[in-house]
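Step one of this worksheet: look at the structure below.
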Amino acid sequence: MDLLIGQVIRFDGDPFRDGPGAARHHGHGAVAVEGGRIVDVGEAALLRPRYPQARVHDHGQRLISAGFIDAHVHYPQTAIIASWGKRLIDWLNSYTFPEEMRFSDPAYAMEIANRYLDLVLARGTTTVCTYATIHPTSVDAIFTAARARGMRLFAGKTCMDRNAPEGLRDTARSAYDDSKALLRKWHGVDRLSYVITPRFSPTSTPEQLAALGALWREYPDCLMQTHLSEQTDEIAWVRDLFPQARDYLDTYEAQGLLGEGALYGHAIHLTERERARLIEAGASLVHCPTSNTFIGSGLFDMTLAQHLRVGLATDTGGGSNFSMLPTMAAAYEVAQLRGQSLHPAQLWWLATQGSARALHAEDRIGNLAPGMEADLVVIDLASTPAIEQATRRATDLWQQLFPTIMMGDDRAVAEVWVGGKPLVH
Ligand SMILES: [Zn+2]
């Protein structure tokens, strides 16, 4: 057994519904870990005598939290992160599609999968939900790399059968067949989950969306991920491509791609009908704030978090950072521009338990409680001189934590545990 000692943050509830009091803070706390799971959380003074045989890891004033969960990424875009210029559709054509083409080479897919997971683990992210490319080998690569690291990870083959270059198109039939074969190969193996993944309506025919809707009906315990209403010119394009649809959401809804377990990235420019249907269906939305500002998409309405499951994500490589710390900072700034002030408890919750709820995995990851899987991050709350001087007069956890949210990076990540084992020292 291992006993981590330090400041501890965990959640008893949802700070968007219950306020900041939903967070519990132990100034001198402890987390007991055994067999890959958390067995106890509480005051160090109580846990130390309770587990006298445990190996003690004393982190002093550092903060022990559940590992971060990035609910929407494109791992194949690792190498093109921070590419200059352009709006969504041009960005896809100029940077994304040429790079995704390279994943027909299994060795390149494996190289990027390993590089990507090492980058995110060093930033305290212990679970991601990722799009692969259209190539089945790109799914094999990321699942193989995650399995070797013992990570809980969600991924799926991106399906596109139109409006993409030669070499990056499948068909309705092959998208169904390949997705099904990958699902049967990987879903439920160790800590891996397959996600049915049409990229977005502009690159799928109604026939392909219907085929994937049929696959989802066969495997309803899988998640389904796609993009929704990211940019206004994208929405206009969808209107041209689907003249019968009531709105963007309807292009999915009509083909059986709306329901609990549906994850929609971005969801910025929603109509009243779309909001009402998403809430009614119990769908999840994933907010990608650094991507939304980087590509100039718009400002997500965080009041939606009071009505449905909202996760937080980098949207690598449309997003401009691999780390969830600047992603929390961007979520704070985007909300400010909408006149909404997010409490640090809400930001931290979004990056952990909120994302876990969006992925329907909140009973396993994203919080510190007995029985949960032991994916942890240990945060240095004074990781740079600028942050240290800003926290010196702090009188509570939130004053100590907020400068790290706003200014922190990988230097703030002191240690990461995956499945009950420490990775980074
Ligand atoms: Zn995306």
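Using numbering that gives the first Met the number 0, the first residue of the sequence shown is number 0, and each one after it goes up by one. Just so it is clear, CB atoms sit at the ideal spot from N, CA and C, and this is done for glycine as well.
What is the DSSP secondary structure of residue i, counted as helix, strand or coil?
i: tyrosine 218; result: coil
i: proline 242; result: coil
i: glycine 20; result: helix
i: aspartate 409; result: helix
i: isoleucine 79; result: helix
i: tyrosine 50; result: coil
i: isoleucine 404; result: helix
i: phenylalanine 199; result: coil
i: glutamine 183; result: In the sequence as displayed, the identity of residue 183 is arginine instead of glutamine. The answer is helix: DSSP assigns arginine 183 an H, G or I state.
i: valine 188; result: coil
i: glutamate 33; result: strand
i: glutamate 361; result: coil
i: serine 93; result: helix
i: glutamate 42; result: strand
i: aspartate 1; result: strand
i: glycine 258; result: coil
i: aspartate 11; result: coil
i: alanine 253; result: coil
i: glutamine 6; result: strand
i: aspartate 160; result: coil
i: glutamate 387; result: helix
i: glycine 264; result: strand
i: aspartate 379; result: coil
i: leucine 165; result: A quick correction: the sequence has glutamate, not leucine, at residue 165. Coil.
i: glutamine 398; result: helix
i: leucine 227; result: strand
i: glutamine 335; result: helix
i: alanine 154; result: strand
i: glycine 212; result: helix
i: proline 205; result: helix
i: glycine 28; result: strand
i: serine 173; result: helix
i: proline 343; result: helix
i: alanine 355; result: helix
To the nearest angstrom, how far is the alpha carbon of residue i from that of residue j?
i: alanine 304; j: glutamate 372; result: 25 Å
i: isoleucine 278; j: arginine 23; result: 28 Å
i: leucine 208; j: valine 237; result: 14 Å
i: threonine 351; j: leucine 400; result: 15 Å
i: arginine 36; j: threonine 170; result: 42 Å
i: glycine 166; j: leucine 181; result: 20 Å
i: threonine 383; j: glycine 407; result: 8 Å
i: threonine 274; j: proline 325; result: It should be noted that the sequence gives arginine, not threonine, for residue 274. Approximately 27 Å between the Cα atoms of the pair.
i: serine 200; j: proline 369; result: 41 Å
i: valine 377; j: threonine 250; result: 43 Å
i: glycine 212; j: aspartate 220; result: 13 Å
i: serine 283; j: proline 343; result: 22 Å
i: arginine 61; j: tryptophan 397; result: 14 Å
i: proline 280; j: phenylalanine 299; result: Reading off the sequence shown, one finds alanine at residue 280, where the question assumed proline. Taking the straight line from one Cα to the other gives about 19 Å.
i: leucine 346; j: alanine 53; result: 32 Å
i: aspartate 57; j: threonine 394; result: 22 Å
i: glutamine 6; j: glutamine 388; result: 19 Å
i: leucine 375; j: isoleucine 404; result: 17 Å
i: glycine 12; j: leucine 257; result: 27 Å
i: phenylalanine 321; j: aspartate 117; result: 11 Å
i: histidine 265; j: proline 14; result: 21 Å
i: methionine 301; j: alanine 328; result: 14 Å
i: leucine 422; j: valine 415; result: 5 Å
i: alanine 144; j: aspartate 362; result: 24 Å
i: glycine 123; j: proline 242; result: 44 Å
i: tyrosine 94; j: proline 402; result: 34 Å
i: leucine 120; j: valine 412; result: 9 Å
i: threonine 225; j: glutamate 259; result: 14 Å
i: valine 285; j: proline 48; result: 42 Å
i: valine 40; j: lysine 85; result: 47 Å
i: proline 196; j: glutamine 254; result: Looking at the sequence shown, residue 196 is not proline but threonine. Taking the straight line from one Cα to the other gives about 14 Å.
i: alanine 312; j: alanine 355; result: 11 Å
How close, in whole Å, do the beta carbons of residue i and residue j come, if the pair is a contact with beta carbons under 8 Å?
i: alanine 70; j: leucine 222; result: That belief does not hold up - the Cβ atoms of alanine 70 and leucine 222 are roughly 10 Å apart, past 8 Å.
i: valine 194; j: alanine 154; result: 6 Å
i: proline 51; j: alanine 131; result: That pair is no contact at about 47 Å.
i: serine 178; j: leucine 214; result: 6 Å
i: serine 296; j: isoleucine 80; result: About 16 Å separates the two Cβ atoms, so there is no contact after all.
i: glutamate 252; j: arginine 276; result: 7 Å
i: histidine 268; j: isoleucine 234; result: 6 Å
i: arginine 245; j: arginine 272; result: 7 Å
i: methionine 100; j: valine 417; result: At roughly 31 Å, the Cβ-Cβ gap does not stay under 8 Å, so methionine 100 and valine 417 are not in contact.
i: aspartate 160; j: threonine 204; result: 5 Å
i: leucine 367; j: valine 30; result: 6 Å
What do you reckon, is the C-beta of residue i under 7 Å from a heavy atom of ligand 2?
i: alanine 121; result: With respect to ligand 2, the structure shown offers nothing to examine, as its ligands consist of ligand 1.
#### Entry: Runs of alpha helix (DSSP H) lying entirely within the stretch 102-149, each at least 4 residues, in chain order
Within the stretch 102-149, the runs of alpha helix (DSSP H) at least 4 residues long that lie entirely inside it are, in chain order, 105-120 and 135-147.
### Message
What ranges does the beta strand (DSSP E) occupy inside the stretch 275-329, keeping only unbroken runs of at least 3 residues that lie completely in it?
### Response
Complete beta strand (DSSP E) runs here, min 3: 283-286 and 308-311.
#### Entry: Any heavy atom of ligand 1 nearer than 5 Å to the CB - residues listed
Qualifying residues, in the order they occur: Gly264 and Asp314.
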